[in-house]
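S.K.: Handing you this structure, nothing more for now.
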Amino acid sequence: MEEKRKEVQKEMDDALRKEEHLKEIWKEMGSAAIAFSGGVDSTYLLKSAREVLGERAAAITVSSAFFPKSEQKEAEDFCRQEGISQIILPFDCLEMKDIRSNPENRCYHCKKAIFSRIKETAEENGLSWVTEGTNQDDLTDYRPGLQAIRELGIRSPLLEAGLTKNEIRLLSRKYSLPTWNKPSFACLASRFVYGEEISSEKLNMVERAEEYLKGRGFSQMRVRIHGKMARIEVLPEDFSRLVEQSMRQDVSEVLIQMGFSHVSVDLSGYRTGSMNT
Numbered sequence: 011m012e013e014k015r016k017e018v019q020k021e022m023d024d025a026l027r028k029e030e031h032l033k034e035i036w037k038e039m040g041s042a043a044i045a046f047s048g049g050v051d052s053t054y055l056l057k058s059a060r061e062v063l064g065e066r067a068a069a070i071t072v073s074s075a076f077f078p079k080s081e082q083k084e085a086e087d088f089c090r091q092e093g094i095s096q097i098i099l100p101f102d103c104l105e106m107k108d109i110r111s112n113p114e115n116r117c118y119h120c121k122k123a124i125f126s127r128i129k130e131t132a133e134e135n136g137l138s139w140v141t142e143g144t145n146q147d148d149l150t151d152y153r154p155g156l157q158a159i160r161e162l163g164i165r166s167p168l169l170e171a172g173l174t175k176n177e178i179r180l181l182s183r184k185y186s187l188p189t190w191n192k193p194s195f196a197c198l199a200s201r202f203v204y205g206e207e208i209s210s211e212k213l214n215m216v217e218r219a220e221e222y223l224k225g226r227g228f229s230q231m232r233v234r235i236h237g238k239m240a241r242i243e244v245l246p247e248d249f250s251r252l253v254e255q256s257m258r259q260d261v262s263e264v265l266i267q268m269g270f271s272h273v274s275v276d277l278s279g280y281r282t283g284s285m286n287t
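Every letter in the sequence shown is one number past the one before it in our numbering, and letter 29, counting from 1, is 39.
Okay, here's the thing in structure tokens:
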């Protein structure tokens, strides 16, 4: 027990030390736009920026079909409650063929287009830098969008400070941020297998299906789409509840009513990047 306590304390000490580095990064910037989705990383990033820069930090939230309406509402609610200036930037992600056709580097094209718009908006509002929430752990995953971020000169302060996902959660909890234990989220385009065209109809089906499962108590999950077949990923500890007869029947019936042709459960369970191969 004592050893565990020391381990937790060491992790917090490391997080606080990195946070001091993060504050110095903000001071060096002078002013910044924060690409704000309302997730764990961007919420902590925005809170940190505001603590150091005050009104010289503003949130820019992209509104697109790739992000659920519930996520955007949470982002807007947070800014309203914290008194943070927020710019909502509409973006038609399906307008571009390089995004809609869903190649393996879709994320590169999407990030390039989105952050080009964010950069223009930041300049129009007199903000010196554009920042986003990549952290140290993200480097272990396949993220072609990071190339676009580097090409555009977008900064990743959490990465610069060396903060990991768990450290960000620890610090978020320390400051009572509502996202400290929020499940990880990736844009809805990540539910499609590469090469399958992304349509507004299928995005809507996935969004509604995941909102339904959230309402049934499955917090960390994904609904992957193959043609019109749904492949549900939940945490292994949630398997038994999902396949219990009444739940299984309800989920299957509701998702088929949403437009899916078949509903399956992935026995490998929830994991990030399962569509990357």
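A virtual CB, placed ideally from N, CA and C, is assigned to each residue, including glycine. For clarity, every value in this text was computed on a predicted model and none was experimentally measured.
Keeping to the same chain, check which residues put their C-beta closer than 7 Å to that of L245; ignore five residues upstream and five downstream.
M.R.: Closer than 7 Å at the Cβ level, and outside the excluded window around L245, lie Q230, G279, Y280.
S.K.: In the structure shown, what three-state DSSP assignment does T71 receive?
M.R.: In this structure, T71 counts as strand in the three-state DSSP scheme.
S.K.: Spatial neighbours of F76 within its chain, please: C-beta separation below 6 Å, excluding the five flanking residues on both sides.
M.R.: These residues qualify, in order along the chain: C103, C197, L198, A199.
S.K.: For the pair the stretch 157-169 and the stretch 93-101, tell me if three or more CB-CB distances fall below 8 Å.
M.R.: With the cut-off at 8 Å, the stretch 157-169 and the stretch 93-101 do not touch.
S.K.: When DSSP labels each residue in this structure, what does A240 get in the three-state scheme?
M.R.: Correct three-state label for A240: strand.
S.K.: Need the endpoints of the beta strand (DSSP E) that V140 sits in, please.
M.R.: Looking at the DSSP string, the run of the beta strand (DSSP E) that includes V140 is 139-141.
S.K.: Would you tell me roughly how many angstroms separate the C-alpha atoms of K192 and D51, rounded to the nearest one?
M.R.: Roughly 10 Å between the two C-alpha positions.
S.K.: Can you tell me the Cα-Cα spacing of Q146 and I208, whole angstroms?
M.R.: Roughly 30 Å between the two C-alpha positions.
S.K.: Relative to the C-alpha of G155, which residue among R226, A85, R251, H119 is closest?
M.R.: The option with the nearest alpha carbon to G155 is H119.
S.K.: Under the rule that 16 or more other beta-carbon atoms within 10 Å means buried, what is D23, buried or exposed?
M.R.: With fewer than 16 Cβ atoms within 10 Å of its Cβ, D23 is classed as exposed.
S.K.: On a Cα-Cα basis, can you pick out the residue from E30, F249, R160 that is closest to L277?
M.R.: Here the closest residue by C-alpha is F249.
S.K.: Measuring CB to CB, does I266 end up less than 8 Å from V275?
M.R.: Not a contact, by the Cβ cut-off of 8 Å.
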